[in-house]
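> There's a structure below that I have some questions on.
Protein chains in written order, with our numbering: chain A, 1 to 353; chain B, 1001 to 1250.
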């Protein structure tokens, strides 16, 4: 039977990864995600897995690259400055079409920034980060339960599409404790005929590689990869809608910001304001359909973010700028209060932007 | 007619892209001969670098992966930790291993990661057209040290084998050369030992192969081999710098 337990968000990711069949973790310490490494260090040796603390984020993502190429479910985790260091590896992993799960428990930036929660790596996660044309599947948990369920989903999507899934969490969800339930499910497995297993002299050698010196070959690789991305955009967007049926105002928020926003929506409704919430769960593929549909119904959007306004660009893009989009934000590790979001909703209701 | 000489079966039929007189061909062959002799082609997994040997994945017949610049030991670590039963090796040049990848090199050695590293030191960046390497000799003229390497300005070349031998971690560190028949034969012995060590579970084994780059040194192949003897080997002496098992047996 499924068990209900109290867990920290970061630990929920680690436990979920193990339940998803991940037996290889390579990481490097950084606040506020180090509990993931600590959990793995404790558990992996007892279940026949590997925990290895690498010499750097660069080394750890390349260990992930090697382990994934060897056919394993593998992960690493870090926080914003560390993810910047991993982007070289993320680009190679994308260019080589191998799966990986990468967790970013975001903190404020740029530079060394701070250690408090942030969502300021939205651009980095959804628009690339590393060099070259590529995408990552970006999953944004809003609860400790989702830290677990999206980790499992992330491994499945990574294996299914042979690419990186990134869990884009933040310091709040990473550090807070909530009760969660783990379903007793066997991890899904995927055939990996491309994996480096040794040829046993029975098949041609497998090559994992991102180098294509002939431009027509590299172009074809990129076109083919974008066909795969198109399938993902068609089939994998996930989002939650709350009180959107009759809404005049649409608040859009993900992760911890969505929980603050939801409180404000409830209060605004009690004041008679017809407001609803769209919470993207996948940031890439972005939930285009509900934003496009809302653009024909509501009078305005409000983007609630823990950054200087990053997702707001996608809201404008996919609403085709049909309606005004207001930013309600805090940054640098600060979190907007429900009152701040409520005030934004009231202003938009009154027609003040 | 009796066959007296064949290509090792651990090499594919792909023609090498290396310049005339480049010793990479010899070193590839030595690695492949060792794989044949140890009968490990079927369980070997090779990691290619960024640099002249980047396309080594086309030449070795075993499973191969191409690593980001300098990261081959980290990629090899990931593979070996997943598949300890396989034989995992990297093939890297001096820019890759001793400059951008020095952290990965030192730490995989410190962990005594059970992998084999073939380190080709030709004292120059070949692929990008002959820039100063971390192993370029004092006074050596390159594209980015056109007046000769000035050690006051850009420091001293790194003696990788000597440096790694100071670590507790690694099992075996040796420097060899491929500038004459005797040295080629000895190079093969060291490479074989580096693979045997891994198979025996002994740990990190690195063979530094002092090589030549006639094209970017601006020399004929023959003159380049002479320069190895006259200039490189005095700075980078051939020898076994660490052999833990041999020491323990004493």
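In this text, a Cβ means the ideal position worked out from N, Cα and C, and glycines have one as well.
Would you identify the three-state DSSP class for residue 118(A), choosing helix, strand or coil?
One-based indexing of the first chain puts residue 118(A) at position 118. In this structure, residue 118(A) counts as coil in the three-state DSSP scheme.
> What residues in the region 1044-1077 of chain B bring their beta carbon closer than 7 Å to a beta carbon of chain A?
1044, 1045, 1054, 1057, 1061, 1062, 1063, 1064, 1065, 1066, 1067, 1068, 1071, 1074, 1075, 1076 and 1077
> If the cut is a Cβ gap below 8 Å, which residues of chain A does residue 1103(B) touch?
Start at 1 with the first residue of the second chain, and residue 1103(B) comes out as number 103. In chain order: 55, 56, 58 and 59.
> For the alpha helix (DSSP H) holding residue 235(A), just list the boundary residues, first then last.
Along the first chain, read from residue 1 onward, the residue named residue 235(A) stands at position 235. Note, residue 235(A): alpha helix (DSSP H), 215-235.
> Would you report the Cα separation of residue 248(A) and residue 78(A), rounded to the nearest angstrom?
For the purposes of this step, residue 248(A) is taken as the residue at position 248 of the first chain. For the purposes of this step, residue 78(A) is taken as the residue at position 78 of the first chain. Answer to the nearest angstrom: the Cα atoms are 39 Å apart.
> Could you tell me the distance, in whole angstroms, from the CA atom of residue 21(A) to the CA atom of residue 48(A)?
On the first chain, residue 21(A) is found 21 positions in, with the first residue counted as 1. On the first chain, residue 48(A) is found 48 positions in, with the first residue counted as 1. Approximately 11 Å between the Cα atoms of the pair.
> With a cut-off of 8 Å, do at least 3 Cβ pairs link the region 1189-1201 of chain B to the region 1084-1095 of chain B?
yes
> Taking 7 Å as the CB-CB limit, is residue 66(A) close to chain B?
Here residue 66(A) is taken as the residue at index 66 of the first chain, counted from 1. By this cut-off, residue 66(A) is an interface position.
> Below 7 Å on C-beta distance, what does residue 92(A) contact in chain B?
Here residue 92(A) refers to the residue found at position 92 when the first chain is read from its first residue. Residues of chain B passing the Cβ test: 1068.
> Between which two residues does the beta strand (DSSP E) harbouring residue 280(A) extend?
Here the question's residue 280(A) lines up with position 280 in the first chain. Here the beta strand (DSSP E) through residue 280(A) covers 275-280.
> So if I threshold CB-CB distances at 7 Å, which residues from the region 11-33 of chain A count as touching chain B?
24 and 26
> Between which two residues does the alpha helix (DSSP H) carrying residue 1216(B) extend?
By 1-based counting over the second chain, the position of residue 1216(B) is 216. Looking at the DSSP string, the run of the alpha helix (DSSP H) that includes residue 1216(B) is 1214-1217.
> Use the C-beta contact count for residue 1222(B): other C-beta atoms within 10 angstroms, 16 or more gives buried, fewer gives exposed.
On the second chain, position 222 is the one that residue 1222(B) refers to. An exposed status is given to residue 1222(B), since fewer than 16 other beta-carbon atoms sit within 10 Å of its beta-carbon.
> Would you kindly check if the distance between the Cβ of residue 196(A) and the Cβ of residue 104(A) is under 7 Å?
Counted from its first residue, the first chain places residue 104(A) at position 104. Counted from its first residue, the first chain places residue 196(A) at position 196. Taking 7 Å as the Cβ cut-off, residue 104(A) and residue 196(A) do not qualify as a contacting pair.
> Mind checking residue 1052(B): buried by the 16 CB within 10 Å criterion, or exposed?
For this step, residue 1052(B) is matched to residue 52 along the second chain. The residue in question, residue 1052(B), is buried, as its Cβ has 16 or more Cβ neighbours within 10 Å.
> Can the beta-carbon of residue 57(A) be found less than 7 Å from the beta-carbon of residue 101(A)?
Position 57 of the first chain, counted from the start, is the residue given in the question as residue 57(A). Position 101 of the first chain, counted from the start, is the residue given in the question as residue 101(A). No, the Cβ-Cβ distance between residue 57(A) and residue 101(A) is not below 7 Å.
> If I'm right that residue 246(A) touches residue 274(A) with Cβ under 8 Å, what's the distance once you round it to whole angstroms?
Against the first chain, residue 246(A) aligns to sequence position 246. Against the first chain, residue 274(A) aligns to sequence position 274. Right, the Cβ-Cβ distance comes to about 6 Å (below 8 Å), so this counts as a contact.
> In the structure shown, what three-state DSSP assignment does residue 240(A) receive?
Residue mapping note: residue 240(A) aligns to position 240 of the first chain, counting from 1. Strand, per DSSP.
> How would you list, in chain order, the residues of chain B whose beta-carbon sits under 7 Å from the beta-carbon of residue 196(A)?
Here residue 196(A) refers to the residue found at position 196 when the first chain is read from its first residue. Residues of chain B passing the Cβ test: 1045, 1063, 1065 and 1079.
> In the DSSP output, which residue or residues are listed as bridge partners for residue 249(A)?
Here residue 249(A) corresponds to residue number 249 of the first chain, with the count starting at 1. Answer is 275(A) and 300(A), bridged to residue 249(A).
> Would you list, in chain order, the members of the region 194-219 of chain A that have their beta-carbon closer than 9 Å to a beta-carbon of chain B?
195, 196, 197, 198, 199, 200, 201, 202, 204, 205, 206, 207, 208, 209, 210, 211 and 213
> In angstroms, rounded to a whole number, what distance separates the CA positions of residue 1228(B) and residue 97(A)?
The count along the second chain starts at 1 and reaches residue 1228(B) at position 228. The count along the first chain starts at 1 and reaches residue 97(A) at position 97. If you take the alpha carbons of residue 1228(B) and residue 97(A), they lie about 41 Å apart.
> I believe residue 1078(B) touches residue 161(A) by the beta-carbon criterion, under 8 Å. Please report the beta-carbon distance rounded to the nearest angstrom.
The residue given as residue 1078(B) occupies position 78 in the second chain. The residue given as residue 161(A) occupies position 161 in the first chain. By a beta-carbon distance limit of 8 Å, residue 1078(B) does not contact residue 161(A). Their separation comes to about 20 Å.
> Determine, using beta-carbon pairs with one atom in the region 333-350 of chain A and one in the region 1006-1016 of chain B, whether at least three such pairs fall under 8 Å.
no
> Run through chain A and tell me which residues come within less than 8 Å of residue 1082(B), C-beta to C-beta.
Translated into the one-based positions of the second chain, residue 1082(B) becomes position 82. The answer, in chain order, is 24, 50, 66, 67, 70, 71, 72 and 74.
> So with CB distances below 8 Å, who are the chain A contacts of residue 1041(B)?
Taking the second chain and counting its residues from 1, one reaches residue 1041(B) at position 41. The answer, in chain order, is 199 and 201.
> Check for me: the beta strand (DSSP E) holding residue 1092(B) runs from which residue to which?
On the second chain, position 92 is the one that residue 1092(B) refers to. For residue 1092(B), the enclosing beta strand (DSSP E) covers residues 1087-1093.
> CA-CA distance, residue 219(A) and residue 132(A)?
As a first step, residue 219(A) must be located in the first chain, where it is residue number 219. As a first step, residue 132(A) must be located in the first chain, where it is residue number 132. Roughly 11 Å separates the two Cα atoms.
> Would you say residue 238(A) faces chain B, with C-beta separation under 7 Å as the test?
In the first chain, residue 238(A) corresponds to position 238, counting from 1. Chain B contact via Cβ: absent.
> Distance cutoff 7 Å, beta carbons only. Does residue 63(A) sit that close to anything in chain B?
Along the first chain, one-based indexing puts residue 63(A) at 63. Yes - at least one Cβ of chain B is within 7 Å of the one on residue 63(A).
> Leaving out five residues before and five after residue 1186(B) in sequence, what residues of the same chain have Cβ atoms less than 7 Å from its Cβ?
Working through the second chain from its first residue, we reach residue 1186(B) at position 186. The residues are 1176.
> Using beta carbons (cut-off 7 Å, strictly below), is residue 88(A) in contact with chain B?
On the first chain, residue 88(A) is found 88 positions in, with the first residue counted as 1. Cβ-Cβ to chain B under 7 Å: yes for residue 88(A).
> Quick one: which residues of the region 1086-1116 of chain B get their C-beta closer than 9 Å to a C-beta of chain A? List them in chain order.
From the region 1086-1116 of chain B, only 1086, 1087, 1088, 1103, 1104, 1106, 1107, 1108, 1110 and 1111 have a Cβ closer than 9 Å to chain A.
> Please report the distance separating the alpha-carbon of residue 1182(B) from that of residue 1204(B).
Taking the first residue of the second chain as 1, we reach residue 1182(B) at position 182. Taking the first residue of the second chain as 1, we reach residue 1204(B) at position 204. Their Cα atoms are separated by approximately 26 Å.
> Cβ atoms of residue 113(A) and residue 87(A): under 7 Å apart, would you say?
As a first step, residue 87(A) must be located in the first chain, where it is residue number 87. As a first step, residue 113(A) must be located in the first chain, where it is residue number 113. No.
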